[in-house]
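In the numbering used here, the protein residues as written are 532 to 713.
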């Protein structure tokens, strides 16, 4: 089901903008920055897998990568530092972002959700992160909310919301809502 038209407000495209202002992905460059743009590689850049412990040699006939041994804790610290340099306004670390994404994937597997639901939840979650609304204390709640929002938009009226809420909500929330007896 195509719901993209529901996410784009009427008249958001600015008339009179030449086509060269758009990038190869079809959206405007950053200096005209409507809030609807999303670059999937902006936050979780695959280049940030290895830290400073990698040397790349660009030889005439081949490209060689030499990876020095590094302790996992050093590597994690280095990756998070590089992420913090690129995004100083973001309050969570890259490794925490990746672990939350893997938790969303696990929940999707448990609940037999479509891949599109998980993908939409990643998009919503990364957009909230870029707006600096995610903190250490609310990160799991926001990730769960993004998953529920994606689920609601994909399935619209037929999704099993109570089943999903039971699987993604922490026990404290069940007690607050009165959905689980102690």
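For each residue, glycine too, the CB sits at the ideal point set by N, CA and C.
Rounded Cβ spacing between residue i and residue j (contact assumed at less than 8 Å)
i           : j           : result
residue 621 : residue 663 : 7 Å
residue 574 : residue 657 : 5 Å
residue 631 : residue 670 : 6 Å
With 16 other Cβ atoms within 10 Å as the buried cut-off, status of residue i
i           : result
residue 595 : exposed
residue 616 : exposed
residue 590 : exposed
residue 587 : exposed
residue 614 : buried
residue 599 : exposed
residue 572 : exposed
residue 557 : The pLDDT assigned to residue 557 is 48, lower than 50, so where the model puts this residue is not dependable, and the model offers no usable value.
Test item: CB-CB of residue i and residue j under 8 Å
i           : j           : result
residue 497 : residue 645 : Because the chain spans 532 through 713 in this model, residue 497 falls outside it and cannot be assessed.
residue 648 : residue 677 : no
residue 635 : residue 653 : yes
Limits of the beta strand (DSSP E) - the one that residue i falls within
i           : result
residue 594 : 594 to 598
Enclosing alpha helix (DSSP H) for residue i [first to last residue]
i           : result
residue 664 : Neither: residue 664 is in no alpha helix (DSSP H) and is coded neither H nor E.
residue 673 : 670 to 686
residue 607 : 603 to 617
residue 636 : 625 to 641
Nearest-angstrom Cα separation, counted from residue j out to residue i
i           : j           : result
residue 668 : residue 675 : 13 Å
residue 633 : residue 626 : 11 Å
residue 602 : residue 609 : 11 Å
residue 672 : residue 650 : 17 Å
residue 628 : residue 683 : 23 Å
residue 555 : residue 579 : Bear in mind that a pLDDT of 47 at residue 555, under 50, signals an unreliable position, so the model cannot answer this.
residue 643 : residue 655 : 20 Å
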